[in-house]
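Quick note on numbering: UniProt numbering labels position 246 of the sequence shown as 246, and the sequence is numbered without any gaps.
We put the CB at the ideal spot given by N, CA and C, even for glycine.
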Amino acid sequence: MSNELRPWIQDYLIQIAETKGADLASVEWSSKVKKVQIIEFLTYGSQNGDEDSIIWARVSDKNCHIPVRFSVDATAEYRRVNQARLTQVKTALVILRKFRILHCRVPSTRTGHKLTPDAYLALECSEMRLLGSIGQPTMGNPAGIETNQELLKYNLELRNPGGGANFLKIRAQERQQRRSAGKGKEEKNDKYLASGRERSHTPLPLISVAAPIAGPSLLKGKVDKAKTGYSTKMDMPATTTKTKSITKYGLATRPQADQGKDYEREIARRFARVSQYRKLMG
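So, in structure tokens, the structure goes:
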């Protein structure tokens, strides 16, 4: 709906504090249109109805309110388009088409519209447009921006030189560094896991189980003919070397952490078979 207000002032100020800190002079004009409700005027400009001048007002986004300084260009354009002075409306919805943050003394209704002794956060608007809802009650229950503790501290630090107003900017930079470091660790872990998956799919090397090689120590001695069917070892056929892949035992499909243990058990089992063979051969 065209008359609906959405909170944005607080987020805008926090974003400026986190990116610019104490350097408000570098803040550029925002060209993103934003909707506010004029809830009261702090000054009424020149007494001459044909003369355009700066006008201070308080505007709200329904959640919070802030002083705004309408420039001469803004009030002149308003009078040209609407054939009336801006201060002729009590309340109204307007669109800020070009604005930026200020930190300066502002008029106060408590002191007869005189400037406050201290500087406060405010907005400056050089281009605006009337939307409607003239004379309507204040929307929502807006509170001063100083009710936000971060903005209250930001406002106080801006009054004092020394860079104390950079605290939100420094905090945002540290948060970004932690995110970047965390992202780097995640990428490193991903590479480690990827290399682990490659190792888990790589078959383990082949192992050989060889029968004892015939020699002087093995050719001597008697052979139990009832067990072997041969009278002497010389009569027994030559034994060939058998090579079996560890993958035959399903080790390549097991997790990498378990393959080492399975490998050791398989080696031990095969050496046990060789020992049994030696005992059988006497």
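For residue i, three-class secondary structure by DSSP
i, result
"L130", "strand"
"Q47", "coil"
"E77", "helix"
"K169", "helix"
"M281", "coil"
"Q83", "coil"
"A122", "strand"
"L24", "helix"
"I38", "strand"
"G182", "helix"
"K90", "coil"
"Q69", "The question names Gln, but residue 69 in the sequence shown is Arg. Strand."
"R265", "helix"
"L156", "helix"
"I54", "coil"
"L96", "strand"
"G162", "coil"
"S108", "strand"
"S30", "strand"
"L102", "strand"
"Y249", "Residue placement at Y249 is poorly supported in this model, since its pLDDT is 48, which falls under 50; the coordinates are not used for a value here."
"L13", "helix"
"L115", "strand"
"S208", "Reliability of the predicted coordinates at S208 is poor, the pLDDT of 47 falling under 50, and no value is obtained from them."
Sub-7 Å separation of residue i and residue j beta-carbons
i, j, result
"L151", "V94", "no"
"K62", "G140", "yes"
"W29", "K98", "yes"
"H65", "P142", "yes"
"V27", "I14", "no"
"P117", "W56", "no"
"A172", "E266", "no"
"E77", "R58", "no"
Cβ distance (whole Å) where residue i is taken to contact residue j below 8 Å
i, j, result
"H103", "L158", "5 Å"
"I38", "T91", "6 Å"
"I145", "Q10", "6 Å"
"R129", "A119", "About 29 Å separates the two Cβ atoms, so there is no contact after all."
"T87", "G45", "6 Å"
"V89", "G49", "That pair is no contact at about 15 Å."
Hey, is the segment 105-124 in contact with the segment 68-81, meaning 3+ C-beta pairs nearer than 8 Å? yes
Counting pairs of Cβ atoms below 8 Å between the segment 162-172 and the segment 13-33, do you hit three or more? yes
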